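>
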Amino acid sequence: MATFGTLSDRLAETFKNLRTKGKLSPADVDSTVREIRRALLDADVALEVVKDFTGKVRERALGDEVNKALNPAQQVVQIVNEELVQILGGTQRRLEFAKKPPTIIMLAGLQGAGKTTLAGKLAKWLAKDNHTPLLVAADLQRPNAVNQLQIVGGQAGVPVFAPEPGNGVGNPVKVAKDSIKFATDKLYDTVIIDTAGRLGVDADMMKQAADIRRAVDPDEVLFVIDAMIGQDAVATARAFQEGVDFTGVVLTKLDGDARGGAALSVASVTGRPIIFASTGETLDDFEPFYPDRMASRILD
Ligand code: GDP
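Okay, so the sequence shown: first residue is 0 according to numbering that gives the first Met the number 0, each after it adds one.
#1: Where do the ends of the alpha helix (DSSP H) carrying Met241 lie?
#2: Going by DSSP in three states, Ala276 sits in which element: helix, strand or coil?
#3: When you compare only the Cα positions, how much space is there between Gly27 and Ala126?
#4: Just tell me which of Val172, Ala234, Phe181, Arg213 has its CA closest to the CA of Gly199.
#5: Answer yes or no: the CB of Ala112 versus the heavy atoms of the ligand GDP, is any distance below 8 Å?
#6: Anyone know if the C-beta pair for Ala261 and Ala238 falls short of 9 Å?
#7: For Asp43, count the other beta carbons within 10 Å of its own beta carbon; 16 or more makes it buried, fewer makes it exposed. Which is it?
#8: Here's the rule: buried if 16 or more other CB atoms are within 10 angstroms of the residue's CB, otherwise exposed. What is Ser24?
#9: Can you check DSSP and say which residues form a bridge with Pro132?
#10: Can you grab the Cα-Cα spacing for the pair Lys173 / Ala122, in whole Å?
#11: Using a Cβ-based criterion (distance less than 8 Å to any ligand heavy atom), does Ser24 qualify as near the ligand GDP?
#12: So does Val223 have its beta carbon nearer than 8 Å to some heavy atom of the ligand GDP?
#13: Could you tell me which of Thr278, Leu6, Gly270 sits nearest to Gln85, measuring between CA atoms?
#14: Near Arg18, what residues of its chain come up, given a Cβ to Cβ distance below 6 Å and the 5 sequence neighbours on each side ignored?
#15: Under the criterion of a Cβ to heavy atom distance below 8 Å, does Ala136 qualify as lining the ligand GDP?
#16: With a threshold of 8 Å (Cβ to nearest heavy atom), would Glu12 be considered close to the ligand GDP?
#17: Quick one: is Pro300 buried, meaning 16 or more other Cβ sit within 10 Å of its Cβ, or exposed?
#18: Hey, how far is the Cα of Gly119 from the Cα of Leu282?
#19: Would the beta-carbon of Leu109 be found less than 8 Å away from any heavy atom of the ligand GDP?
Below you can see the structure in the form of structure tokens.
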């Protein structure tokens with residue numbers, strides 16, 4: 000995964016140095032932990048996450064499990080792997096479906112994060128799995144957003160519920176509410192609501208998203224975040240957590256070549272799981288997120 004190319008290379012280099020040692024002295028552990036710390040910070044992982052992570056790695060690396068290991072260096076790599084899995088959320092968390100359909104999934108995030116694209120990806124993925132999704136255009140801020148969702152819906156082969164002229168135009172809360180009634184009447188089993196974003200965190204946008212959340216009581220609120228946003232990731236995620244109390248995270252643009260620290264910070268600082276990863280512009284560039292696989296890719 001390109002996003003973690005540099006981080007992977009740096010960690011590989013660190014471990015290569017470590018492998019030349021037999022027993023590890025506390026000084027070896029310290030210098031290894033320092034290198035890991037630097038590599039993570041350079042990858043834009045949030046300082047608080049880095050501190051917590053390296054603290055745990057250091058403590059375990061100085062303990063008996065490494066001391067008594069046949070191959071101490073290998074054991075340290077294993078510890079780093081396990082702790083990486085932990086900051087990425089531990090075990091895989093699947094999308095939750097409502098006991099009684101329709102399952103309501105609301106998307107929230109900054110403009111350009113990839114929400115509309117994701118709506119199409121998710122719809123296509125669900126349709127392939129024998130669900131009957133309905134896409135809902137509740138982003139009425141950008142003039143072209145409804146149109147864009149319709150294009151994506153067409154590509155996914157999934158219908159789009161959009162405000163009709165004179166009815167609900169400019170009122171995303173009404174559109175969202177009406178869409179649930181429509182889905183219930185027409186037996187769609189999943190409703191995916193695309194909402195408006197702004198370039199930065201903005202009180203009006205957040206209030207609108209919170210109003211939609213309150214009106215439709217979604218089963219999942221997915222916070223969509225561009226893995227390339229770097230150091231802003233934590234503040235943005237916290238603002239959305241406070242504003243809409245999301246239930247899960249979707250990382251987008253993991254195919255990019257930026258540093259990807261967002262990916263390694265957001266689950267940890269919000270305590271919310273990453274549920275999906277988006278890895279390109281076409282509707283098939285999308286997959287459920289597995290913390291262990293991501294950790295392995297980083298440490299490959
Ligand atoms: P929204 O404003 O949050 O609805 O974002 P859009 O869905 O319109 O996406 C913004 C831009 O990012 C578009 O040009 C998308 O094609 C692109 N995009 C979305 N997801 C990905 C991804 O996973 N990888 C890449 N490379 N581009 C993406």
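Glycine included, each C-beta is placed from N, C-alpha and C at the ideal position.
As the structure is a computational prediction, the values presented were derived from the model and not from experiment.
So, from the data block:
#1: It should be pointed out that residue 241 corresponds to Glu in this sequence rather than to Met. First-last of the alpha helix (DSSP H) with Glu241: 232-243.
#2: strand
#3: Note that residue 27 is Asp in the sequence shown, not Gly. Cα to Cα, Asp27 sits roughly 52 Å from Ala126.
#4: Ala234
#5: yes
#6: no
#7: buried
#8: exposed
#9: Thr189
#10: 22 Å
#11: no
#12: yes
#13: Gly270
#14: Ala72
#15: no
#16: no
#17: This structure cannot speak to residue 300, because the chain is shown only from 0 to 299.
#18: 6 Å
#19: yes
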